[in-house]
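Using the numbering used here, the letters of the sequence shown correspond one by one to residues 209 to 525.
To start, the structure itself, in structure tokens.
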Amino acid sequence: MCPTCGQSVRGESKERVEEAIKREEEEVERLEGEVKELEREVEAMVEEGRLRDNLLGEVMGGWEGKLSSARVELRSAREEYEAGLELEAVRKEVVERREEREKEREFLRRMMEEDEKKIEELDEELEGINADVADCRAKEATWESLEKLFSPRSIQAYVLTSALSELSYLTSNYLSELSDDTLRLDLKMGSNGVISRSVAAMEKGAWGRRTLATLSGGQWRRVSLALTLGFRELCWNWGVCRSDMLVMDEPMTHLDRSGRKALARLLKGMVREGKVGTVFLILQDLAGEEMEEDTDEIDIVWGGATEEEGSKVLVNQ
């Protein structure tokens, strides 16, 4: 019986059919074996795929972490890049501002140099003006001085000051001889036109200022005689009064022996130097005995009449 069509088959056909069935069964077994083998291979491949999936998951997890880190780094790098761009922009702005400042500084430097040149020119001009002002002030002071000097009062003051200075010098010379250089007289014209007189006296090896009122009688007489003789010589030098004769009345008053000797030497020296031709001394006592050696002639007068004339005796009135 044919399993396919259900018809009866003959013996030969049956064998062929059986053989065919056997071959088919063998083929089925072979195919089943292959199917099982394939199933095993598929299972192995599935297991391998699962392992690969796990490995891929692990790898993907690692790469995801790396990718996340890379994204973070990329974000940081982008932020740094953006910050760098901002910094670069800031740097460019700073550079531009610096260049502008340099230009401004250069401009200010040139302006300062020009101002310094102007200041130097102004200083030179100011120096010239100051010099002119100083010259004008000097001329003004000169003209004022000349105006004061040549005014009637100034001329009188100048003449008086000159005369007073010379009188002080001449008096000091005479006073030095009369006092053996122990007295000095200084005459000065004050700014108010008042003549000041100061006396210096040697006391115990030191000079001290004295007033005329505090001088002793002998000191006062020495100062008075020196001032009189100095005034006479001043008048002679200035041509006011020139006389070859000198008359002195009682010049010995208050003088001690050394003072009388000093006066005699001084008068004799004046005659010898030609400052005076004849000196008349009028005395009323015998105080002139120290002058006997320095006198040429002595006349003694009693009761208004000459008792002895031309004798070398003491004068007594």
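Each residue gets a CB set at the ideal place from its N, CA and C atoms; glycine is no exception.
(request) Measure the C-alpha to C-alpha separation of residue 468 and residue 391 and round it to an integer number of angstroms. (result) If you draw a straight line from the Cα of residue 468 to the Cα of residue 391, it comes to about 16 Å.
(request) Inspect the beta-carbon positions of residue 341 and residue 383 and report whether they are closer than 8 Å. (result) no
(message) Bridge partners for residue 404 per DSSP, in chain order?
(response) 396
(request) Using only alpha-carbon positions, find the residue among 337, 372 and 492 that is nearest to residue 438. (result) With distances taken between Cα atoms, residue 438 lies closest to 372.
(message) Which residue wins for smallest C-alpha separation from residue 393, given the options 368, 370 and 420?
(response) 420
(request) Can you have a look at residue 364 and say buried or exposed, based on whether 16 or more other CB atoms are within 10 angstroms of its CB? (result) Residue 364 counts as exposed, since fewer than 16 other C-beta atoms from the protein chains shown sit within 10 angstroms of its C-beta.
(request) Specify, as a first and last residue, the run of the beta strand (DSSP E) that residue 455 falls within. (result) Bounds of the beta strand (DSSP E) holding residue 455 are 453-457.
(message) I need the DSSP call for residue 526, collapsed to helix, strand or coil.
(response) Examination of residue 526 is not possible in this model, given that the chain is present from 209 through 525 alone.
(message) For residue 510 and residue 492, what's the separation of their Cα atoms in angstroms?
(response) 10 Å
(request) Take residue 232 and list the residues in its own chain whose beta-carbon comes closer than 8 Å to its own, dropping the five residues that flank it on each side. (result) Cβ neighbours of residue 232 beyond the five flanking positions: none.
(message) Under 8 Å, with one C-beta from each stretch per pair, do the segment 445-461 and the segment 405-424 reach the 3-pair mark?
(response) Too few Cβ pairs lie closer than 8 Å, so no.
(request) Starting from the Cα of residue 398, find the closest Cα among 369, 302, 346 and 345 and give me that residue. (result) 369
(message) If I measure Cβ to Cβ from residue 177 and keep anything under 7 Å in the same chain, skipping five residues before and after, which residues do I get?
(response) The requested residue 177 does not occur in the structure, where the chain is confined to residues 209 to 525.
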